[in-house]
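There are 2 protein chains.
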Amino acid sequence: MARKAAIIGGGVIGGGWAARFVLNGWDAAVFDPDPQAERRIGEVMANARAALPALADVPMPPEGRLTFAGSITEALDGAGYVQESVSENLALKQRIFAQIQQVAPGLPVGSSTSGFKPSELQQGAANPATLFVAHPFNPVYLLPLAEVVPSPASDPAVIEAAKETLRQIGMYPLHIRKEIDAHIADRFLEAVWREALWLVKDGVATTEEIDEAIRMGFGLRWGQMGLFETYRIAGGEPGMKHFMAQFGPYLTAPWTRLTDVPEFNQGLVDLIAGQSDAQSGHYTIRELERIRDSNLIGFLRVLKDRNWGAGRVLKEHDRRLAQALPAPAPDTAAPMVMARLQVLPGWIDYNGHMTESRYLFAASETVDTFLRLIGADMDYVAGGHSYYTAESHILHKDEARLGDRLTGSVQVLQADEKRLRVFVTIARGADVVATVEQMLLHVDMAAGKTCPASPAVLARLMPVARAHQALPAPADAGRSIGRKS
Amino acid sequence: MARKAAIIGGGVIGGGWAARFVLNGWDAAVFDPDPQAERRIGEVMANARAALPALADVPMPPEGRLTFAGSITEALDGAGYVQESVSENLALKQRIFAQIQQVAPGLPVGSSTSGFKPSELQQGAANPATLFVAHPFNPVYLLPLAEVVPSPASDPAVIEAAKETLRQIGMYPLHIRKEIDAHIADRFLEAVWREALWLVKDGVATTEEIDEAIRMGFGLRWGQMGLFETYRIAGGEPGMKHFMAQFGPYLTAPWTRLTDVPEFNQGLVDLIAGQSDAQSGHYTIRELERIRDSNLIGFLRVLKDRNWGAGRVLKEHDRRLAQALPAPAPDTAAPMVMARLQVLPGWIDYNGHMTESRYLFAASETVDTFLRLIGADMDYVAGGHSYYTAESHILHKDEARLGDRLTGSVQVLQADEKRLRVFVTIARGADVVATVEQMLLHVDMAAGKTCPASPAVLARLMPVARAHQALPAPADAGRSIGRKS
């Protein structure tokens, strides 16, 4: 049975939560009295559908059901988790919690508040023990961080269960040990924001120059290591103490203006909004969102390739998704669809088409899934055996373009104890864009030699191979480039 | 004639500058009286050689000469640019500038200072007009940002020339319009550092939790858009004014502790160094450097694929390098080496080998360089014509592993007006790791049909094709997978 989350508040943040739940197989019921909420959530869902699946290397579960509820009570019906993302107004949030707890006093309720402490949220609540902060970061469907902040009145078991729920939707719950205003990350953001306002107001830099000063330098560092690990490296072999000794004394230098706060008036707003228009006004917000998401997907995939930081969260989420998958019943009456991919911005070459190595990448993803299906999975590789590709033949039939959704299907042409010859078709709907014929050899990795596959693998492979003998042989199988046309 | 930079101060920053200059074809003479300097610079150079070339899509120029000078005067001999990177001590820097200007008063001198204003550096100088701040970020060989800060006494022509020098070594010179303490980026870093020290001291978070709060969330955002463009998106269609109206009032909230500075004592140093050891002490600094560089290379390549932010700087640098390249004289007496690649961490599959699609990527890089050589370059594509790959046949002969340096060479097997059949060999030294045979078709991109290549392209292609007829035909050319072995 699908699990269900109630999403109270349907703005960009609530929409991001809804997308994370739905794309990870949960049902989500959104309550927001604003007539624009359904349109807004639809836009966030469209962005999320184009983005989040690009990070998974295993099939995502079937989408959960997204519904719009006419009342909080309706949204709560059957829900196992509640996420509140209404405006940053303490009294409003407390009223909403009261309404929720009138209906379902035992449900865990996470608040997306960026500023309030959980003890403030809990004031006057019927059941303070189940209210806590679960503060996400925009875009919620891509950034894994959720700051989970309990107060002393919180029930530790509820907090642990909430963290597990967040992991189930691919997030990284960071348990904050002491509640403070604005938790952790937003304190940094606020400090930088104040300093940036001064720099703009004093004419030291424009908004664009400030953005370049961040993204051309330390911003790149902070996407993969944070502050302390970065400085640990800067300290070199003598270590963190050396770094501190070197930079500690500057703490008393009169560098920042942060002992003072710039007056927030219309002049400052106009100055900043005008500079921001000059910097980015030639893009719509929708375009900027797509550019941002594409860049973030790229960064996250880089970290995933390296099993580092946020990429480790993605890998762990894949393992979670894979465990939850039913073993697919191999359809042996037709080539088996093993992979579903979407053509990403980084896959495009200077012709505007999918770059040729990505066709082979698509074939590899397809064959890897088939190998997992027959039991030649990561554990099998860890045991010292694997299938190596010895030879590939790619025929380009059509061109894949940005955003195309592709399938990769496998037909086994020939199989014995050591050899596996497959024919992979990469298609966009019914259109074949490329075919890839591959010869794989089963190897003993330590010996670096071919050897028979394990009986368990062969017991799964051979029935597929026999069934596929009955399929028509692909016209292009066995073809060579040398043949005159 | 090679240009030469004098690098005064041979620490991690001076070493990073030396690496940038040398890898971009400049000679560099380092002066540092510390007997450890040569070893340190050697370590930075080794990191840089493994990293910076991974970002270029055109061949890097031949490395310049790196020398160690016994005196400032010797380092300056023949130099056209000076970069000072000694300790952050104003009197020391001023003494060094005096020594430089005694010998070469007209040379541009950039200072790596993170804190001092150029007017402070210029105090008492023989020629203040040529002294300025050129503040880089660690690792200098990877991060493009250099804050260029003049004072009113600076010569604008010297500043413009210095910015051009920085562009020549692949950097992004950010011209800061008003000198202030710590320029721009370090003001943000300082603000975050102060806030982070409070959080650790007060036991709100450990160094590791703070790092996760950064890299799992806003750090990823800041690597590709900065502060204002990110918030512009958060404001949605109503724009930046809406965002400001929403968050402006919080400026007066008592969120940060920055009106106060934590006492910098041994207890605080021990607390932070201890937490940092627990977080990252299982890696050596050298290992952390390699992990960081690998992640940064990945991020920078993502941005380059998307022609965004720091990636745009890399693309522009490629164009600069390509213009500076002499047209390679095609060696038609042997297969032509067209690409040199190094196997990066993200190219490795779960077997520990280079993932199979990367072999085709290596072949594409090889063939693309060959196509540029015969005039089928980006301008040709922009004119509506291109070679498309119709078919590829890959034979795996050996396995490439992390860090391997590979060459890709091309032999033309067959060419006519519309068709080009090539045989690409991917090798590690003399060992062939894979061969890729490809059939390319020349197409009119708008019509989506084959058509004859331009006379200019054919005039360059056909002599190569005729010369390669004399080479032995590769044994594996024309082979098909279907053939029984």
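Chains as they are written, first to last, in the working numbering: chain A, 1 to 485; chain B, 486 to 970. Idealized CB from N, CA, C, for every residue including glycine. On a predicted model such as this, the values are computed, not experimentally measured, just so you know.
Problem - Own chain residues within Cβ distance below 6 Å of B/Ala807, not counting five before or after - result: Val543
Handout entry: Exposure of A/Gly217, with buried meaning 16 or more beta-carbon neighbours within 10 Å
Key = buried
Handout entry: Span of the beta strand (DSSP E), counted from its first residue to its last, around B/Ser842
Key = It is not in any beta strand (DSSP E) - B/Ser842 instead sits in the alpha helix (DSSP H) that spans 841–858.
Practice task
Assign A/His317 to one of two classes, buried (16 or more other C-beta atoms within 10 Å of its C-beta) or exposed (fewer than that).
Solution key: buried
Problem - Beta-carbon proximity list for B/His878, same chain, < 6 Å, skipping 5 on both sides - result: Glu922
Problem - Closest by C-alpha distance to A/Met225, when choosing among A/Leu303, A/Val86, A/Asp398, A/Val30 - result: A/Leu303
Exercise for the section: Could you tell me whether any Cβ in chain B is nearer than 8 Å to the Cβ of A/Lys418? Expected result: no
Handout entry: Counted within 10 angstroms of its Cβ, other Cβ atoms place B/Thr741 as buried (16 or more) or exposed
Key = Because the pLDDT at B/Thr741 is just 49, under 50, the model does not fix this residue reliably, and the value given afterwards should be weighed accordingly. B/Thr741 comes out buried.
Handout entry: B/Glu1030 and B/Ile665 closer than 8 Å at C-beta
Key = Chain B is shown only over 486 to 970; residue 1030 of chain B falls outside these bounds and no answer can be derived.
Problem - Every unbroken alpha helix (DSSP H) within the stretch 918–962 of chain B, with a cutoff of 4 residues, ordered by chain - result: 940–954
Exercise for the section: Pull up the distance between the alpha-carbon of B/Gly708 and that of B/Thr769, whole angstroms please. Expected result: 25 Å
Problem - contact_flag[the stretch 851–858 of chain B, the stretch 369–382 of chain A] where n(CB pairs < 8 Å) is 3 or more - result: no
Problem - Close beta carbons around B/Val507, own chain, < 8 Å, minus the five adjacent residues each side - result: Ala513, Met530, Glu548, Gly549, Arg550, Leu551
Practice task
Tell me whether A/Ala18 sits in a helix, a strand or coil according to DSSP, three-state version.
Solution key: helix
Exercise for the section: Consider the Cβ of B/Ala763: report whether some Cβ of chain A lies at a distance smaller than 8 Å. Expected result: no
Exercise for the section: Measuring only between beta-carbons, confirm whether B/Gly500 sits less than 8 Å from chain A. Expected result: no
Handout entry: Inter-residue spacing [alpha-carbon to alpha-carbon] between A/Ala196 and B/Arg524
Key = 40 Å
Practice task
Check whether the stretch 159–175 of chain A touches the stretch 187–205 of chain A, taking contact to mean three or more Cβ pairs, one atom from each stretch, closer than 8 Å.
Solution key: no
Practice task
Determine the burial state of B/Arg662: buried for a count of at least 16 other Cβ atoms within 10 Å of its Cβ, exposed for fewer.
Solution key: exposed
Problem - Start-to-end residues for the alpha helix (DSSP H) that takes in A/Tyr231 - result: 227–235
Problem - Residues of its chain near B/Ile966, where Cβ-Cβ distance is below 7 Å and the 5 sequence neighbours each way are ignored - result: none
Problem - Where A/Lys418 falls: helix, strand or coil (DSSP) - result: coil
Exercise for the section: Give the residues from the stretch 923–953 of chain B that approach chain A closer than 8 Å (Cβ to any Cβ), ordered along the chain. Expected result: Gln923, Met924, Met930
Handout entry: Cβ neighbours of A/Ala434 in the same chain (closer than 7 Å, five flanking residues each side left out)
Key = Tyr359, Ile394, Leu395, His396, Lys397, Ile426
Practice task
Please classify A/Ile13: does DSSP put it in a helix, a strand, or coil?
Solution key: helix
Practice task
Could you give the DSSP three-state label for A/Val269: helix, strand or coil?
Solution key: helix
Practice task
State the DSSP-derived secondary structure class of A/Arg257, mapped to helix, strand or coil.
Solution key: Interpretation of A/Arg257 is limited by its pLDDT of 46, a score under 50 that renders its predicted location unreliable; the figure taken from the coordinates is listed afterwards. Coil at A/Arg257, not helix or strand.
Problem - Alpha-carbon spacing of B/Pro546 relative to B/Ala824, whole angstroms - result: 13 Å
Handout entry: Under 8 Å by beta carbon: chain A residues contacting B/Glu645
Key = What B/Glu645 touches in chain A: nothing, since even the nearest Cβ is about 17 Å away.
Practice task
Give the single residue among B/Pro621, B/Leu898, B/Lys578, B/Val634 whose Cα lies nearest to the Cα of B/Arg951.
Solution key: B/Leu898
Handout entry: Between the CA atoms of B/Glu884 and B/Met839 - distance to the nearest angstrom
Key = 7 Å
Practice task
Say whether chain A places a C-beta atom closer than 8 Å to the C-beta of B/Trp740.
Solution key: Caution is warranted here: a pLDDT of 47 is assigned to B/Trp740, below 50, making its placement in the model unreliable, and the coordinate value is therefore given only provisionally. At least one chain A Cβ lies under 8 Å of B/Trp740.
Exercise for the section: Could you work out which residues of chain B lie near A/Val58, taking near to mean beta carbons separated by less than 9 Å? Expected result: Here the premise fails: no neighbours, minimum Cβ distance about 13 Å.
Practice task
Answer with yes or no whether the minimum CB distance from A/His393 to chain B is below 8 Å.
Solution key: yes
Problem - From A/Gly14, A/Ala18, A/Asn24, residue whose alpha carbon lies closest to that of A/Leu314 - result: A/Asn24
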